[in-house]
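Below is one structure, written out as structure tokens; comments come after it.
2 protein chains.
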Amino acid sequence: MLYEICKYCHLKSAAAETLDSDELKKLERSCFQTQFAKGDLIFKQDALSANVIFIREGLVKIHIKGPEREQIIKINKGPTFLGIPTTFGDIINHYSATAITTVDVCFISNETFQQFIYSNGKFAYEILHDLCKCQLHTYNYCINHLQKQGPGRLADALLYLANEIFNDNNFLLPMTRHELGDLACCSRESVSRLLNEFKKDNIIQLEGKKITILNKELLSQISKRG
Amino acid sequence: MLYEICKYCHLKSAAAETLDSDELKKLERSCFQTQFAKGDLIFKQDALSANVIFIREGLVKIHIKGPEREQIIKINKGPTFLGIPTTFGDIINHYSATAITTVDVCFISNETFQQFIYSNGKFAYEILHDLCKCQLHTYNYCINHLQKQGPGRLADALLYLANEIFNDNNFLLPMTRHELGDLACCSRESVSRLLNEFKKDNIIQLEGKKITILNKELLSQISKRG
DNA sequence: TTTTAAATGTACCCTGCATCACATAATTAT
DNA sequence: ATAATTATGTGATGCAGGGTACATTTAAAA
Numbered sequence: 001m002l003y004e005i006c007k008y009c010h011l012k013s014a015a016a017e018t019l020d021s022d023e024l025k026k027l028e029r030s031c032f033q034t035q036f037a038k039g040d041l042i043f044k045q046d047a048l049s050a051n052v053i054f055i056r057e058g059l060v061k062i063h064i065k066g067p068e069r070e071q072i073i074k075i076n077k078g079p080t081f082l083g084i085p086t087t088f089g090d091i092i093n094h095y096s097a098t099a100i101t102t103v104d105v106c107f108i109s110n111e112t113f114q115q116f117i118y119s120n121g122k123f124a125y126e127i128l129h130d131l132c133k134c135q136l137h138t139y140n141y142c143i144n145h146l147q148k149q150g151p152g153r154l155a156d157a158l159l160y161l162a163n164e165i166f167n168d169n170n171f172l173l174p175m176t177r178h179e180l181g182d183l184a185c186c187s188r189e190s191v192s193r194l195l196n197e198f199k200k201d202n203i204i205q206l207e208g209k210k211i212t213i214l215n216k217e218l219l220s221q222i223s224k225r226g
Numbered sequence: 227m228l229y230e231i232c233k234y235c236h237l238k239s240a241a242a243e244t245l246d247s248d249e250l251k252k253l254e255r256s257c258f259q260t261q262f263a264k265g266d267l268i269f270k271q272d273a274l275s276a277n278v279i280f281i282r283e284g285l286v287k288i289h290i291k292g293p294e295r296e297q298i299i300k301i302n303k304g305p306t307f308l309g310i311p312t313t314f315g316d317i318i319n320h321y322s323a324t325a326i327t328t329v330d331v332c333f334i335s336n337e338t339f340q341q342f343i344y345s346n347g348k349f350a351y352e353i354l355h356d357l358c359k360c361q362l363h364t365y366n367y368c369i370n371h372l373q374k375q376g377p378g379r380l381a382d383a384l385l386y387l388a389n390e391i392f393n394d395n396n397f398l399l400p401m402t403r404h405e406l407g408d409l410a411c412c413s414r415e416s417v418s419r420l421l422n423e424f425k426k427d428n429i430i431q432l433e434g435k436k437i438t439i440l441n442k443e444l445l446s447q448i449s450k451r452g
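Here you go:
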């Protein structure tokens with residue numbers, strides 16, 4: 001690995017920005033960069049949790065196998081950490097992570113990560129802050145999915161993709177209708193029906209996996225009303 | 227406030243156990259102990275988030291007002307911290323906390339808490355560990371509620387109360403049927419119907435708010451099957 | 001290209017459970 | 001004690017949306 005590659009990496013997390021030169025050198029020595037192709041499993045639910053992973057670039061879905069079906073809990077977009085809760089919360093992974101685009105990641109040894117928590121308060125605070133925000137996001141996801149019905153949940157999912165993942169009202173859906181159902185918590189058939197209703201009502205433009213949100217105002221209303 | 231009251235407090239969190247004498251003195255100076263009665267609102271969703279709170283003793287429900295109804299996300303049982311995600315994740319509270327028994331708490335100033343994170347790696351790690359476990363618990367709650375139907379969700383709620391809150395198969399329900407519905411995510415009427423079905427099948431003994439789990443095995447099966 | 005497999009769209013049926021409506025019991029206030 | 005409020009039980013009704021079934025399109029493999 002190249003010398004001081006971490007130091008000059010432009011995809012550092014807010015936490016890694018707090019590290020000094022010595023710490024960055026240490027990071028380099030216990031960090032391994034690699035890539036995953038679309039569809040590759042990054043880590044698996046029920047397996048022993050291993051490393052902290054930093055997503056440099058790409059999209060990763062976090063999904064859990066429930067009693068009935070697969071559930072997509074969130075989509076992580078690089079640059080961000082991946083799997084901290086499952087790495088430090090238990091020995092066993094409580095969820096899986098799968099690449100939904102080509103993904104560029106760094107594996108970081110737990111020991112090094114933990115040492116930074118111990119020795120660098122700013123680093124710890126950044127990680128803690130991320131975890132808190134993630135927790136709030138999960139509560140929000142939870143409430144939205146539990147209390148809204150089909151149209152509201154799908155509207156949520158579309159707005160989530162447009163606003164937080166692609167930052168564009170026009171995007172190429174990086175998943176199948178089935179997976180969108182896993183995200184919006186409804187069946188593949190309902191996704192089809194609802195998407196076509198949204199299309200008929202000129203809320204979205206739909207062409208296979210190409211989606212354009214035409215009437216965000218109305219979509220937000222559908223999301224709010226449930 | 228009494229001198230060195232924190233130092234000799236027997237209800238310290240794992241995190242507070244890592245504090246040295248000086249830090250404990252500092253904690254004392256920025257810590258205020260008080261009580262809440264059953265039903266008292268401790269902090270409110272949409273209000274500015276204020277302090278870190280440590281529950282010394284008692285039960286607190288964490289609840290969110292969703293688009294349709296109130297949702298009880300979890301029950302916090304002292305000794306434990308309360309509201310760290312909402313205090314550090316955003317300026318505004320994303321959920322409310324209400325005492326469901328008499329509750330004895332310590333308010334801790336954010337600044338002091340944050341200083342401990344910065345200066346004491348072990349403290350930071352303990353908090354981080356708690357947050358991770360809390361996150362995993364939430365994912366679990368989420369999946370269970372999204373994919374199971376009525377009987378499974380109610381079975382979950384009863385097992386949760388027995389195993390994690392009261393550590394006893396026999397307990398006095400600290401809430402109304404309506405609130406149990408908010409926890410199990412079903413209507414008041416469904417809670418009534420389901421509880422009485424469980425009673426008829428000799429899975430539980432039911433007498434007003436007094437509940438005894440008679441057949442935990444079967445209840446677990448109902449929970450697993452959904 | 002041809003073959004196979006996976007993804008998608010639509011129609012229909014069926015069921016879980018929310019909601020309504022009302023009776024009764026238990027609390028709380030006066 | 002009496003009234004008023006809130007909590008609880010139970011039947012009847014309606015409907016959202018999951019599941020099934022099948023047609024069709026698209027993508028992957030041979």
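Order-wise, the sequence lines are chains A and B. Numbering follows our numbering, in which position 174 of the first sequence is assigned residue number 174; successive positions increment by one, without gaps. For any residue, its number in our numbering is found by taking its place in the second sequence, counting from 1, and adding 226. For each residue, glycine too, the CB sits at the ideal point set by N, CA and C.
Under 8 Å, Cβ to Cβ, is there at least one residue of chain A near residue i?
i              : result
R419 (chain B) : no
Q447 (chain B) : no
P311 (chain B) : yes
F424 (chain B) : no
C412 (chain B) : no
K450 (chain B) : yes
G347 (chain B) : yes
I299 (chain B) : yes
K252 (chain B) : no
C232 (chain B) : no
F307 (chain B) : no
A350 (chain B) : yes
L285 (chain B) : no
H236 (chain B) : no
C427 (chain B) : The question names Cys, yet the displayed sequence has Asp at residue 427 (chain B). It does not; no Cβ of chain A falls within 8 Å.
Closest Cβ-Cβ distance between residue i and chain B: below 8 Å?
i              : result
C243 (chain A) : Given that chain A is displayed from residue 1 to residue 226, the structure contains no residue 243 (chain A) and the question cannot be resolved.
R69 (chain A)  : yes
M1 (chain A)   : At M1 (chain A), the pLDDT of 47 sits below 50, so the modelled position is not reliable and the matter cannot be decided from this model.
L128 (chain A) : yes
A16 (chain A)  : no
I55 (chain A)  : no
C106 (chain A) : no
N76 (chain A)  : no
Q64 (chain A)  : Going by the sequence as given, residue 64 (chain A) is Ile instead of Gln. Chain B, which has a Cβ nearer than 8 Å to the Cβ of I64 (chain A), makes this yes.
D20 (chain A)  : no
L131 (chain A) : yes
G208 (chain A) : no
Give me the Cβ distance between residue i and residue j, rounded to the nearest whole Å; I'm assuming they're in contact under 8 Å.
i              : j              : result
H320 (chain B) : Q271 (chain B) : 7 Å
T138 (chain A) : C368 (chain B) : 7 Å
T86 (chain A)  : S49 (chain A)  : 5 Å
Q373 (chain B) : G309 (chain B) : With a Cβ gap of about 28 Å, Q373 (chain B) and G309 (chain B) do not count as contacting.
I350 (chain B) : A124 (chain A) : Rather than Ile, the amino acid found at residue 350 (chain B) in this sequence is Ala. Sure, about 4 Å apart at Cβ, within 8 Å.
L285 (chain B) : I301 (chain B) : 6 Å
I268 (chain B) : T324 (chain B) : 6 Å
G121 (chain A) : S345 (chain B) : 6 Å
Strictly by DSSP, which residues pair up with residue i?
i              : result
C9 (chain A)   : In DSSP, C9 (chain A) forms no bridge with anything.
T98 (chain A)  : A:L41 and A:K61
E70 (chain A)  : A:K65
C106 (chain A) : A:Q33 and A:F54
G397 (chain B) : Strictly speaking, residue 397 (chain B) in this sequence is Phe, with Gly absent from that position. Looking at the DSSP assignment, F397 (chain B) forms a beta bridge with B:I437.
T306 (chain B) : B:I281
L48 (chain A)  : A:I92
V75 (chain A)  : With the sequence shown as reference, residue 75 (chain A) is identified as Ile, and Val is not the correct amino acid for it. Partner(s): A:K61.
I203 (chain A) : None; I203 (chain A) has no bridge partner.
Could you please tell me which residues of the segment 108 to 119 of chain A, in chain order, have their CB closer than 8 Å to any CB of chain B?
-> From the segment 108 to 119 of chain A, only Q114, I117, Y118 and S119 have a Cβ closer than 8 Å to chain B.
Interface residues of the segment 157 to 184 of chain A facing chain B [CB-CB below 9 Å] = Listed in chain order, the positions of the segment 157 to 184 of chain A with a beta carbon within less than 9 Å of a beta carbon of chain B would be empty, since no residue qualifies.
Relative to chain A, which residues along the segment 257 to 279 of chain B have a C-beta separation below 8 Å, given in chain order?
-> Taking 8 Å as the Cβ-Cβ cut-off against chain A, none of the residues of the segment 257 to 279 of chain B qualify.
Quick check: the segment 250 to 269 of chain B against the segment 326 to 333 of chain B, are there 3 or more CB pairs under 8 Å?
-> The answer is yes - the segment 326 to 333 of chain B touches the segment 250 to 269 of chain B, with three or more Cβ pairs under 8 Å.
Are at least three pairs of beta-carbons, each pair with one atom in the segment 341 to 355 of chain B and one in the segment 273 to 287 of chain B, less than 8 Å apart?
-> Inter-segment contact for the segment 341 to 355 of chain B and the segment 273 to 287 of chain B is absent: fewer than three beta-carbon pairs are separated by less than 8 Å.
Can at least three beta-carbon pairs, one atom from the segment 177 to 187 of chain A and one from the segment 403 to 418 of chain B, be found at a separation below 8 Å?
-> The segment 177 to 187 of chain A makes no contact with the segment 403 to 418 of chain B, as fewer than three CB pairs between them are under 8 Å.
Residues from the segment 135 to 149 of chain A in contact with chain B, defined by Cβ distance under 8 Å | Listed by position, the residues of the segment 135 to 149 of chain A near chain B (Cβ gap below 8 Å) are Q135, L136, T138, Y139, N140, Y141, C142, I143, N144, H145, L146, Q147 and K148.
Is there contact here, the segment 416 to 423 of chain B with the segment 438 to 450 of chain B, by at least three beta-carbon pairs under 8 Å?
-> Fewer than three Cβ pairs drawn from the segment 416 to 423 of chain B and the segment 438 to 450 of chain B lie within less than 8 Å of each other, which leaves the two stretches out of contact.
Taking three-plus beta-carbon pairs below 8 Å as touching, is the segment 386 to 402 of chain B in contact with the segment 430 to 438 of chain B?
-> By the criterion of at least three beta-carbon pairs nearer than 8 Å, the segment 386 to 402 of chain B is in contact with the segment 430 to 438 of chain B.
Between the segment 147 to 156 of chain A and the segment 322 to 329 of chain B, are three or more C-beta pairs nearer than 8 Å?
-> No contact exists between the segment 147 to 156 of chain A and the segment 322 to 329 of chain B.
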